[in-house]
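The opening position of the sequence shown corresponds to residue 101 in our numbering, with each subsequent residue numbered one higher.
Glycine is no exception: its CB is placed at the ideal position from the N, C-alpha and C atoms.
The model shown is predicted, which means the values in this text are computed figures rather than measured ones.
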Amino acid sequence: MPETNPILDQLIEANTGFVHALALRLAPAPGLAEDIAQQVFLEFIAKAAQWDLTQDIKPLLAGMTRNVARRCWRDKTREMPEQMRQLAEHIRELAAAATEDSNWHGQEEKKALHQCLEKLPEKSKKLVELHYYLDLTSVAIARQMEVNADAVRRALFRLREHLRKCIRVMLARS
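Pasting the structure below:
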């Protein structure tokens, strides 16, 4: 069994929290922080004879932690391209399937929305035009219509609810 150096043991014990915290911040995944910290201390022990251990070793350990984390990131990114390609392909397939379904629904919903908008009273149509077509805020609409901004927000909320119900009814009929 190799001899232990009490100075090294004290330094490792005193700086374990620092290295773990830094490794957690730099690790490619939270589960790898412990591995990075362990590797840092293994390398530190292996090269302990090269350094003056009477000085503050935090900068040394910080640099070693960054280097080990960098190597860990490099190893992880070498594994990722194939996984990322497969994931991207799967997402593309899901998006294509969803787009095919949503295009048909989207056209029906747009038609129903236009029919519902035509049925609205003039004041409500004006509110929809100001908010959704001219992109005015509720405060700006309130100033223009000479009402309270809260009243505009409540009216917009009620309008959205009414239009949702109207669209559901129209889609159920077709």
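Where does residue i land, buried or exposed, given buried means 16+ other C-beta within 10 angstroms?
| i | result |
| --- | --- |
| residue 107 | exposed |
| residue 123 | buried |
| residue 239 | exposed |
| residue 271 | exposed |
| residue 139 | buried |
| residue 114 | exposed |
| residue 146 | exposed |
| residue 155 | exposed |
| residue 187 | exposed |
| residue 149 | exposed |
When the Cα atoms are used, what is the spatial distance from residue i to residue j?
| i | j | result |
| --- | --- | --- |
| residue 251 | residue 120 | 54 Å |
| residue 255 | residue 268 | 20 Å |
| residue 131 | residue 168 | 15 Å |
| residue 111 | residue 183 | 40 Å |
| residue 143 | residue 125 | 20 Å |
| residue 249 | residue 262 | 20 Å |
| residue 164 | residue 134 | 14 Å |
| residue 213 | residue 231 | 16 Å |
| residue 141 | residue 127 | 16 Å |
| residue 281 | residue 181 | There is simply no residue 281 to check, as the chain begins at 101 and stops at 274 in what is shown. |
| residue 222 | residue 229 | 10 Å |
| residue 260 | residue 190 | 35 Å |
| residue 104 | residue 129 | 32 Å |
| residue 247 | residue 227 | 12 Å |
| residue 244 | residue 192 | 45 Å |
| residue 153 | residue 116 | 16 Å |
| residue 118 | residue 170 | 18 Å |
| residue 219 | residue 178 | 59 Å |
Which residue comes first and which comes last in the alpha helix (DSSP H) that contains residue i?
| i | result |
| --- | --- |
| residue 115 | 106-126 |
| residue 274 | Looking at the DSSP string, residue 274 is not in any alpha helix (DSSP H), and its letter there is neither H nor E. |
| residue 132 | Residue 132 -> no alpha helix (DSSP H), and no H or E assigned at all. |
| residue 222 | 222-228 |
| residue 247 | Neither: residue 247 is in no alpha helix (DSSP H) and is coded neither H nor E. |
Quiz item: Given 8 Å as the limit, is there contact between the region 235-243 and the region 168-175, that is, 3 or more CB pairs closer than that?
Solution: Because the criterion of three Cβ pairs below 8 Å is not met, the region 235-243 and the region 168-175 do not touch.
Self-check item: Given 8 Å, three or more beta-carbon pairs between the region 205-223 and the region 143-162
Solution: Fewer than three beta-carbon pairs drawn from the region 205-223 and the region 143-162 are found closer than 8 Å, and the two stretches are therefore not classed as touching.
Quiz prompt | Whole runs of the alpha helix (DSSP H) within the region 131-171, excluding any shorter than 4 residues | solution = Within the region 131-171, the complete alpha helix (DSSP H) segments of 4 residues or longer fall at 133-146, listed in chain order.
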